[in-house]
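Just so you know, UniProt numbering puts 196 at position 196 of the sequence shown, and the rest follows in order with no gaps. Glycine included, every Cβ here is placed at the ideal spot set by N, Cα and C. Given the structure is predicted, the values throughout are model-derived calculations rather than measurements.
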Amino acid sequence: MPARLPKPAPIETKPLSAHRSPGLTGSVRVPGDKSISHRALIFGLLSVGETEIEGLLEAGDVLATAEACRRLGATVTRIGEGSWRVHGVGVGGLLSPDGTLDFGNAGTGSRLMMGVVAGHGITATFDGDASLRQRPMMRVLTPLLKMGAEIVVSAEGNRLPLTLRGAADPVPISYESPIASAQVKSAVLLAGINAPGETTVIEAEATRDHTERMLRHFGAEVTVTPHGAHGRRIVLRGRPDLKPKPVIVPADPSSAAFPLVAALIVPGSDIVIEGVMMNPLRTGLITTLREMGADISEANLRVEGGEDVADLTARHSTLRGVEVPAERAPSMIDEYPVLAVAAAFAEGQTHMRGLGELRVKESDRLAAVAAGLAANGVAHRIEGDDLIVTGSAAVPGGGDVVTHMDHRIAMAFLVMGLASRVPVRVDDTAFIATSFPSFIPMMRSLGAEFGADFGADLA
1 MPARLPKPAP IETKPLSAHR SPGLTGSVRV PGDKSISHRA LIFGLLSVGE
51 TEIEGLLEAG DVLATAEACR RLGATVTRIG EGSWRVHGVG VGGLLSPDGT
101 LDFGNAGTGS RLMMGVVAGH GITATFDGDA SLRQRPMMRV LTPLLKMGAE
151 IVVSAEGNRL PLTLRGAADP VPISYESPIA SAQVKSAVLL AGINAPGETT
201 VIEAEATRDH TERMLRHFGA EVTVTPHGAH GRRIVLRGRP DLKPKPVIVP
251 ADPSSAAFPL VAALIVPGSD IVIEGVMMNP LRTGLITTLR EMGADISEAN
301 LRVEGGEDVA DLTARHSTLR GVEVPAERAP SMIDEYPVLA VAAAFAEGQT
351 HMRGLGELRV KESDRLAAVA AGLAANGVAH RIEGDDLIVT GSAAVPGGGD
401 VVTHMDHRIA MAFLVMGLAS RVPVRVDDTA FIATSFPSFI PMMRSLGAEF
451 GADFGADLA
């Protein structure tokens, strides 16, 4: 097994409390979309020549992918805030990295890069922080092994740290994914780029399609057809001549979810969130919130970087409980923690179905959300993979929330504290930097009140 780089020193925990706030007002732009930022760097690596990226999310997860691209042979340069250039080596031109590819907390970056490595005759060791080391990897590795990749050595359960030997001659496959996962689909397609013939992925539930869109943007031939009631069949013709293309990264709807829900539950709020991606496979939360009675409007609809975007206005609203169908989960899987917070303030019962995928995120998010709700006096129950929240306009609050190193748990319950009767405290905000480094100062700019006793250095 190749020698591993020394692990970074443990990150100092940064507790923070959120207090009942006056109406939130103002106009903000949340950071660039994390999914597209990862992919823009990877496709820059796989193209010959220079790819220009504007609006890249400069957070820990994405920076780990940028460093991995460097180690695989690309020249990656930061030009200015959010402005980056990647001089790629092209499909088939990757180098075996000297040392470990350390992805920190980046589940997307690590799994997508496994697909890239699997389709090339190189060997690479993948590692990450304590949270990433606990996340399952076989869901991605199973199809990659069918394409000719090999696991050289791994931690127990084929988890990280893991050394993967890619296939010198990858085999194109037709793979029907047993789970709704854009990461699995993307890993197979990325491996299939360097395979002859056609690589096919069949999904029973359509997942976010950023990889397919970006493949086309960089010159690959991809066809997408319906499959069943809610699924898709994606076919990639292998060994395309990928050409560098500029990428403008739209604002991340998963990050926009936090100020959006905050505005809905804090009385007197009226905010604008600019340039939010409106890809229909990413807007499940907005659909659900509108069903709950949320006052959310769109303006200035346009296309940026191949994606539909709009400016969203959100105002304080009287919410009601709704049924959230399981088939909507792929379009909002990262937004369920903050939806649970919205449900806590909604009159009646919100039944969120089919949340099994939450159990294998940065933490067991289903359990973490339930524990956070319990700590703050919100009635709820888990039935199988369903979460049922019984809300009311007055949420007690007052709880100490254990985040389990999960950025979305931390942000969701800080949002709760902005409207609860008693402040809510989270045990650690350090991991917010993996996806939304500006969250605390941005929310403060809208009028959010966070305790001065904790996390003042985050401002």
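Going by alpha carbons, who is nearest to Ser435 out of Ser445, Pro423, Ala410, Ala448?
Ala410
Between the CA atoms of Leu144 and Tyr175 - distance to the nearest angstrom:
Roughly 10 Å separates the two Cα atoms.
One or two residues paired with Thr211 in a DSSP bridge:
For Thr211, which the question treats as bridged, DSSP gives no partner whatsoever.
Who are the Cβ neighbours of Arg232 in its own chain at under 6 Å, not counting the five residues just before and after it?
Glu203, Ala206, Val224
Residue 468, enclosing alpha helix (DSSP H) - first and last residue
The structure shown has nothing for residue 468, since the chain only spans 1 to 459.
With distance defined between alpha-carbon atoms, name the residue in Thr13, Ala448, Ser47, Ile53 nearest to Val247.
Ile53
What are the start and end residues of each continuous beta strand (DSSP E) run of 3 or more residues lying completely inside the segment 72 to 159, in chain order?
Complete beta strand (DSSP E) runs here, min 3: 75 to 80, 83 to 89, 123 to 127, 150 to 155.
Return the CA-CA distance between Ser445 and Ala130, expressed in angstroms with no decimal places.
33 Å
At least three beta-carbon pairs within less than 8 Å, the segment 99 to 114 to the segment 75 to 86:
no
What residue range is occupied by the uninterrupted beta strand (DSSP E) comprising Leu301?
295 to 304
For Phe450, which residues does DSSP report across the bridge?
Residue pairing from DSSP places Phe450 in a beta bridge opposite Ala18.
Note down, in chain order, each residue of its chain lying with its Cβ closer than 6 Å to the Cβ of Gly115, except the 5 sequence neighbours on either side.
Ala187, Leu190, Ala191
Ala3, DSSP secondary structure in three states:
Summary for Ala3: the model assigns pLDDT 36, below 50, so the residue's position carries little reliability, and this model does not support an answer.
Sorted by chain position, which residues of the same chain lie with C-beta nearer than 6 Å to Leu94's C-beta, five sequence neighbours on each side aside?
Leu72, Gly73, His120, Ile122
Beta strand (DSSP E) containing His227: first to last residue?
222 to 227
Sort Ser154, Leu164, Ala149, Val184 by Cα distance to Pro170 and report the nearest one.
Ala149
Beta-carbon proximity of Leu164 to Ala124, cut-off 8 Å
yes
Collapsed DSSP secondary structure at Leu355 in the structure displayed
DSSP, reduced to helix, strand and coil, places Leu355 outside both helices and strands of the structure shown, so it counts as coil.
Among Ala168, Gln134, Ala344, Gln183, which residue has its Cα nearest to the Cα of Thr142?
It is Gln183.
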